[in-house]
Structure formats: C-alpha cells, structure tokens
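Novice: Its first residue numbered 21, the sequence shown is counted upward by one per residue in this note's numbering. The beta-carbon is built from N, C-alpha and C at its ideal position, and this holds for glycine as well.
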Amino acid sequence: MLRQIAEGVLVHESEFVQSNAVVVQGRAGVLLIDPGVTGSELDCLANDLRELGQPVVAGFSTHPDWDHLLWHARLGEAPRYGTARCAATVRDQLSDADAKARVAAHLEETEIAGQVPLDLLGLITGLPAETAQIPWDGPGVRIIEHQAHAPGHAALLIEERGVLVAGDMLSDVLVPMLDLDGTADPIEDYLAALRLLEGVAGDVDAVVPGHGSVGGSDQLQARIDQDRAYVRALRDGRDPGDPRIGPSAKPGWEWVSHVHTGQLQRLAQRSERDEAPR
Ligand SMILES: [Zn+2]
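(1) Report buried or exposed for Thr281, applying the criterion of at least 16 other Cβ atoms within 10 angstroms of its Cβ.
(2) Within the region 92-117, note down every full alpha helix (DSSP H) run reaching 4 residues or more, in order along the chain.
(3) Using beta-carbon positions only, say whether Arg105 and Pro155 come within less than 7 Å of one another.
(4) Starting from the Cα of Val195, find the closest Cα among Ile178, Pro229, Ile164 and give me that residue.
(5) Can you tell me whether DSSP reads Leu176 as helix, strand or coil?
(6) Comparing C-alpha positions only, which one of Asp116, Ala133, Ser233 sits nearest to Lys270?
(7) Using the Cα positions of Val44 and Ala288, report the straight-line distance between them to the nearest angstrom.
(8) Going by C-alpha to C-alpha distance, which of Gly79, Ala249, Ile207, Ser115 sits closest to Ala41?
(9) Distance, Cα to Cα, Ser34 vs Ser268?
(10) Within 10 angstroms of its Cβ, does His382 collect 16 or more other Cβ (buried), or is it exposed?
(11) Kindly give me the distance between the Cβ atoms of Val37 and His231, rounded to whole angstroms, as I take these residues to be in contact under 8 Å.
(12) Compare the beta carbon distance of Gly187 and His166 with 7 Å and say whether it is the shorter of the two.
(13) For the beta strand (DSSP E) that Arg2 lies in, which residues bound it at each end?
(14) Is Gly235 helix, strand or coil by DSSP?
(15) Would you mind listing the beta strand (DSSP E) stretches within the region 196-277 that are 3+ residues and don't spill past its ends, in chain order?
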C-alpha cells in the first residue's frame, strides 16, 4: 500500500526490515526509488501504480546492495539509474555466473527465502559522475553522492517537495553500517557524508531511510546527531550508548546489536593491520 508523505511523493513499506520504496509523481509517470523486496510486494506496488494510472518512467537505486537493486517485469522497462560508481560496483558483483546464486543462498537464511525475484537484479544504468539531477520529466531530484555505507551511495533530495531519500543512512532502527571494504577511511568518510546531508537539512520536511520510519524535519537533525554520535564512538573506541542496540533495540531488531559487534571487530582488525610493521 502506498502512503503519501508529501505532495506527489508516496512510500511503500516492506515487511522485510522495514524497507522503503519511494514513488515520485512526474508529468508523464513516476520515478521509483529502491522498488522493494519480495515478489508479492513488487506486484502490489505495480497494482497501486496501475490504479493511479502512473507508469514508471525512471528508476533509481541508492546503492549497490541487493535489497535496493530489485525490479519486477510489471514495473516496465524504464531506465534504472544509479551513480556511476554504484553501477560499476553492481557490474563487478554480478560479473561471475554464481553471483545470483550467492544472493539466493544468503536469502535462504532469511524469512523471505524463495520470495525475492532475482531475474532483473541490478540492471542499473550509471549516470555520468557529477550528474547533479536525475534526468526525468518531473520535480527536480538532486543527487547527493558520498562515501558511506556502500560504494557510490547516493541520497536524493526532492527539492520542491522537501523530501530527503537517505538510502541506508539516517534510520531510526539501524545503526550506521560503514563501508569497511570500499574506502580508505570509512569513519571519516561517513562523518563527511553526514555533514553533506546536514547541509541540506534546512530544505527538508521529511526524511525517508532505506529501512525504518519516515521522519519529519525535527527527526532529520536528531538522526544526523544520533548517527554522528555512533560513528564518533566507534572512532574513539567508546561505548556508543545507542538506543538502537542493546536492550533498548526495537523488538525484532535485536540483530542490529550483532551488526554493531561485527563492526567493532572489523575496525579492530583494520587498526591492527595498519599498525603492523610492513
Ligand atoms: Zn538496505
């Protein structure tokens, strides 16, 4: 079911880790950002759009993780964009014959095993580096690319509607998940990305995270502050005291504590490696 969060901007929330698909109404059809996860949800979204009489005229994937790269034949054949770096990363990931089997195997361990259509996974057209806006016939959508969470990660600012689509950042339920493989300094890069998002906060009335609840403008600053505090605590080796992990985690989201512990271990390994004599 689509829920309107601003004029001409609707959100479809998945039951799987509260994934948000975002629909932006344009003149001749909609822009669809991170379409969703299971086949039945994508089907439901296609039904909703048909009822609205709105074909999909463009797609966008905020980053190269499987849950943001899906598509359904019923959504049509519009170009599906991503940043150049996102598209290159996807091409790389899917270049070997076993890539989809690996995603399917990963999904076997989740409650949505067998429910995710992988046929059209990752068919992303990279926009040239430094592209400022999504090329489509609708409200201006600014691309805010940065180094955080995944290579070529981009937030989108739907300027005239005051909506920030944050990709996998600024969640009320998930702690920042650093891109520990993709960048030389994942901590400083993440902090820089948060500054970039903070720089547009004054223009934002609603923030949509890739996973979690849609927030208002007050929530945006609170989430930036919360994510920054978490990342700084990681950097300084302090307990983040973050409400999204430990006993205060939202029911069903206890696994986020494991994400946190995993990040601590990876960071410790990195600093050991950096300190080792070469
Ligand atoms: Zn995600």
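Specialist: Looking at the coordinates:
(1) When all chains shown are included, Thr281 counts as exposed.
(2) Counting only runs of 4+ residues, the alpha helix (DSSP H) found wholly inside the region 92-117 occupies 104-113, in chain order.
(3) In terms of Cβ geometry, Arg105 and Pro155 do not form a close pair [threshold 7 Å].
(4) Of Ile178, Pro229, Ile164, the residue nearest in Cα terms is Pro229.
(5) Residue state, collapsed to three classes: strand.
(6) If we check each option's Cα against that of Lys270, Ser233 comes out closest.
(7) Looking at the two C-alpha atoms, the distance is approximately 42 Å.
(8) Considering only Gly79, Ala249, Ile207, Ser115, the residue with the shortest C-alpha distance to Ala41 is Gly79.
(9) Between the C-alpha atoms of Ser34 and Ser268 there is a straight-line separation of about 23 Å.
(10) What is shown of the chain runs 21 to 298, which leaves residue 382 out entirely.
(11) Rounded, the Cβ-Cβ distance is 5 Å, consistent with contact.
(12) The beta carbons of Gly187 and His166 sit no closer together than 7 Å.
(13) Absent from the model: residue 2. The displayed extent of the chain is 21 to 298, so no value can be given.
(14) It is a strand residue.
(15) Taking only runs of at least 3 residues, the beta strand (DSSP E) segments lying wholly in the region 196-277 are 226-229.
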